Each structure stands twice: as structure tokens, then as C-alpha cells.
């Protein structure tokens, strides 16, 4: 017989698994700065790289716009 605790743990796990791609990850905006030395550049160069911008019913265009604005505020030399 399956215990009530096992059912609750399974249900909580299922809810968490379903919530992650729909509610948590799409709203996760991360700005990461890395210093990389590039040959041929005489001064430090800021490069903006945006990835995994998926417009959908879960990720509205306003969130993508916020990500782009955040990147532009860093004043990149190269996009």
C-alpha cells in the first residue's frame, strides 16, 4: 500500500516540475559579466550576448524588452 506521505511527496514533485518551465525559468533574467582578453583589440570591449529569448504565452514581449533594455544599459561596443 502507498502511504499518504509518498502521495504528497509525489504530488509536490509533480507541481514543482510543472511550475519550473512555466513560471520560474521564463522570469529568470540573469546578467553575467565575464572578462575575456581578445587579440587585436587595443582597449576593453563590451560584448552583449542575449540568448534563449522565447516569446510565448509564458514569456511576454515585455519581458524580452526588459532583457534587451538591461543589455543596452551596459553600453556594449558590440552586440
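Numbering (my numbering), first residue to last: 11 to 89.
Here a beta-carbon is modelled for each residue, glycine too, at the ideal position from N, C-alpha and C.
Given the structure is predicted, the values throughout are model-derived calculations rather than measurements.
Rounded to whole angstroms, the gap between the alpha carbons of residue 81 and residue 68 is 21 Å.
The alpha-carbon separation between residue 11 and residue 20 amounts to approximately 15 Å. Residue 47 carries a coil assignment under DSSP once its states are collapsed to helix, strand and coil. Per DSSP, the continuous alpha helix (DSSP H) segment holding residue 80 begins and ends at 71–83.
Pairing residue 51 with residue 66, the inter-Cα distance amounts to about 38 Å.
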